[in-house]
C-alpha cells in the first residue's frame with residue numbers, strides 16, 4: 005500500500021485535545037479541538053477531500 009501526505013491544519017488556536025467523528029451526520033469526518041487559551045471547544049467541518057473548515 006501507499007500513504008498519502010498528511011494534511012496540515014492551521015487553526016490559530018493552541019489545541020490541547022483533538023477528536024474526530026461525524027458530528028453533523030453528513031457521512032464525512034469532522035474535527036473537534038479543545039483550545040487552552042480560549043477555554044473553548046471549536047468544530048471544523050470536513051468536506052470529504054481532507055480539508056476542514058471552521059464550523
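In this note's numbering, the protein residues as written are 5 to 59.
Glycine included, each C-beta is placed from N, C-alpha and C at the ideal position.
C-beta contact flag for residue i and residue j at 7 Å
i, j, result
"residue 28", "residue 50", "no"
"residue 37", "residue 19", "yes"
"residue 48", "residue 58", "yes"
Residue i classed as buried or exposed, judged by whether at least 16 other C-beta atoms fall within 10 angstroms
i, result
"residue 7", "exposed"
Identity of the residue in the options nearest residue i by Cα
i, options, result
"residue 42", "16, 9 and 5", "16"
"residue 74", "13, 12 and 21", "The requested residue 74 is not part of the displayed model; the chain covers only 5 to 59."
Helix, strand or coil at residue i according to DSSP, with G and I counted as helix
i, result
"residue 31", "coil"
"residue 23", "strand"
"residue 7", "coil"
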